[in-house]
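Colleague: Under the UniProt record's numbering, the first residue of the sequence shown is numbered 1, with each subsequent residue one higher. Just so it is clear, CB atoms sit at the ideal spot from N, CA and C, and this is done for glycine as well. Since we're looking at a predicted model, the values are computed, not measured. Shown below is the structure under consideration.
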Amino acid sequence: MNVNILKLASVIGTCVVHGIAMEAIPTTVIHIPVGEHVLFPVTFHDNVQYEVTIRRRSPLSIKILGWRPSSSEKPYIVHPLYQRRIEIYLKRYVMLKNLLIADSGEYEIQTNYFEAVLKNRDQSIFNLQVYEPVSQPVVTIHGNCGTADNITLRCSVSNGSNVMFHWEKDYLSINDTYATELVIDCINAKEHDTYKCIAKNPISNASSNPVSSGCFDGNDSTDNSRHRIVLVLVSLLIAILAITTFGYFLHESKSSKCYCQK
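Laid out in structure tokens, this is it:
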């Protein structure tokens, strides 16, 4: 799984990579993994007093931070939901750390300039989308080509947010198969066909192990254990009957010989 490669490529497309965090670019959608840090750049003019506020605009309107560089290096307002996760970085950025999926939304950074009274302002808008990387998909087979006209492949992942699924046959994409299930016609299935499920979201993707059509004549994967138990019991019963029958005929044969000797 090349999860990290896709993750990095996706983030670089909308951010500038720094040593400790990603710098967001205004008016773009920022796709970023959960747990990472993001830097919101602050626009300001030199030699003018100003105040910076950052507000979350959607899905809820929240004033997150207020900061006056002339009076303190630290914010004078921090919303309780963002305590210990947001700070001023190098006096040029607002850094939001340890991102959660719930942090997804639209953010606004506003710089208000002051002289005797309010002068003017700068404003930047950011759209932040946080995702959990997808885990490797698992494919299960439901049905049996020995007893039915078709079987169903089902794909699932244990981790990942906003996951989309796609199917490949013999390593080629199958059109219009953006679903967790793939129905296969047993009549047209070839012995050496292989199928894979692809799970992806904007920051990662992963592939399942290939499944061969040679497995389709087996039992439903959800009932395999039950069928194996039945087969074992039937085999034992046949073996017991065979041993009993053999013993019976052996006993009868010995009895006949004894009778003849008398």
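Can you tell me whether T222 is buried or exposed? The criterion is at least 16 other CB atoms within 10 Å of its CB, across all chains shown.
Modeller: The predicted position of T222 is uncertain, since its pLDDT is 43 and thus under 50; a value taken from the coordinates is nonetheless stated next. Exposed, since its Cβ has fewer than 16 Cβ neighbours within 10 Å.
Colleague: With a threshold of 16 other CB atoms inside 10 Å of the CB of P59, please say whether the residue is buried or exposed.
Modeller: Exposed.
Colleague: Which one of E191, E168, C145 and H31 has the shortest CA to CA distance from T180?
Modeller: Among E191, E168, C145 and H31, the Cα nearest to that of T180 is on E168.
Colleague: What's the gap between the Cα of G66 and the Cα of V78?
Modeller: Computed Cα separation, rounded: 7 Å.
Colleague: DSSP on C258, reduced to helix/strand/coil?
Modeller: Because the pLDDT at C258 is just 47, under 50, the model does not fix this residue reliably, and the point stays unresolved.
Colleague: Using a Cβ-Cβ cutoff of less than 7 Å, which residues in the same chain neighbour T245 once the five nearest sequence positions on both sides are dropped?
Modeller: Closer than 7 Å at Cβ, skipping near neighbours: no residue.
Colleague: Residues in the same chain with beta-carbon distance under 6 Å from I198, minus the five sequence neighbours each way, listed in chain order, please.
Modeller: Answer for I198: H166 and S207, listed in chain order.
Colleague: Go through its chain and collect everything with a Cβ distance to I62's Cβ below 8 Å, but skip five positions before and after it.
Modeller: So the list reads R55, R56, H79 and L81, once near-sequence residues are dropped.
Colleague: In three-state terms, what does DSSP make of V234?
Modeller: V234 falls in the helix class under three-state DSSP.
Colleague: For D193, which residues of its own chain have a beta-carbon under 8 Å away from its beta-carbon, when the five flanking residues on both sides are left out?
Modeller: Contacts found: K169, D170, S212 and S213.
Colleague: From the DSSP output, in three-state form, read off P80 for me.
Modeller: In the structure shown, P80 sits in a helix (DSSP, three-state: H, G or I).
Colleague: What did DSSP end up calling A189 once you bin it into helix, strand or coil?
Modeller: A189 falls in the coil class under three-state DSSP.
Colleague: Whose C-beta lies closer than 8 Å to the C-beta of I101 among residues of the same chain, with five residues either side of it excluded?
Modeller: Here the set comprises V34, V130, Y131, E132 and S161.
Colleague: Going by DSSP in three states, D122 sits in which element: helix, strand or coil?
Modeller: Residue state, collapsed to three classes: strand.
Colleague: In the DSSP output, what is S207 paired with across the bridge?
Modeller: Beta-bridge pairing links S207 to I198.
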